[in-house]
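Below is one structure, written out as structure tokens; comments come after it.
Protein chains: 2
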Amino acid sequence: MGTEKTQSRTQIAEKLVEAVDSKFFKTLSEPVRVQILKYLMLNGRADIQTIAENMPQDRSVVSRHLNLMQEAGILVCQKENRHMFYDVNGQPFIEKLVDITEKIKKCMNECCPDCCK
Amino acid sequence: MGTEKTQSRTQIAEKLVEAVDSKFFKTLSEPVRVQILKYLMLNGRADIQTIAENMPQDRSVVSRHLNLMQEAGILVCQKENRHMFYDVNGQPFIEKLVDITEKIKKCMNECCPDCCK
DNA sequence: TGCATTTATGTGCATTAACGTATATATATG
DNA sequence: CATATATATACGTTAATGCACATAAATGCA
């Protein structure tokens, strides 16, 4: 068993740790934010006022959630006049999820094939 | 535009909300727990004592984290004598991630194709 | 221009939840 | 009955959430 093999396994595992972005997961761990995601998927781009009207929380609270979701790469925003419009950050969001899934898959297969029996 | 189509979109979005299990995401949003996951992937099945020796936290804290990870379906545990062994819940863990990714993909494509341009 | 209105964000506060440390308890072993 | 392993509990600290209000920025109208 060469050092290369061990190095390789460690590197794969460390890439997994990098991929599992804690901010990203924390953002999706809050039910209110998932509801916001659902709303935007069903209704498309909307400003904060409109989104907040469809949530039980106050507009200021919704604003904070939207900002967090944007920082996590789940949403994008554009300011127009005095309105701030948010929308789902479609492709990058999907790609991030796929990337995480693939990295964990790879780590499973190459680092601990035993645990998948 | 029939009611069926709207219903269908709503149903797809609701399945997405169900899939984005907040407990699962919250569990993976804690860096310590990702480190535990990494350790188990690289070193395989281990008891709490051994895992805790490789983490900065106290054994009681590690025990709590391991319990949460098991409840979230990420790990499995088996009691042997006075030792509690934990291991990665390989296939189900992967399947859960793939399921979430696929549901979000589907929702993107069928609910808001515009947001993926 | 001046001022009220609308939209969004910032701030202070209380409440709740999570984490870590330390200690105590439970369970099994020798 | 002492020891080893794991879990439960109490406590302090920190962070997140929601509410209410204050501020900022843009708009509309007199």
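Chains as they are written, first to last, in the working numbering: chain G, 1 to 117; chain F, 1001 to 1117.
Even glycine gets a Cβ: it sits at the ideal position worked out from N, Cα and C.
- Selection G:10, G:18, G:24 evaluated against residue 70 of chain G yields G:24 as nearest (Cα-Cα).
- For residue 1020 of chain F, there is no enclosing beta strand (DSSP E), as DSSP marks it with neither H nor E.
- Using a Cβ distance threshold of 8 angstroms, residue 89 of chain G and residue 76 of chain G count as a contacting pair.
- In the DSSP annotation of this structure, the continuous segment of the alpha helix (DSSP H) that includes residue 1099 of chain F starts and ends at 1090-1111.
- Sequence-ordered contacts of the region 98-111 of chain G with chain F read 98, 100, 101, 104, 105, 107, 108, 111 [C-beta pairs closer than 9 angstroms].
- Against chain F, the CB of residue 36 of chain G has no partner CB under 8 angstroms away; the residue lies outside that interface.
- DSSP places residue 53 of chain G within a helical segment (H, G or I) once states are collapsed to three.
- Nearest CB-CB separation between residue 85 of chain G and chain F: not below the 8 angstroms threshold.
- Where residue 80 of chain G is concerned, the enclosing beta strand (DSSP E) starts and stops at 75-80.
- For the C-beta of residue 1016 of chain F, the chain G residues within less than 9 angstroms are, from N- to C-terminus, 34, 37, 38, 41.
- When C-alpha distances from residue 60 of chain G are compared across G:84, G:73, G:72, G:39, the shortest belongs to G:84.
- DSSP, read as helix, strand or coil, puts residue 72 of chain G in coil.
- Any Cβ of chain F closer than 8 angstroms to the Cβ of residue 46 of chain G would place that residue at the interface, and such an atom is absent.
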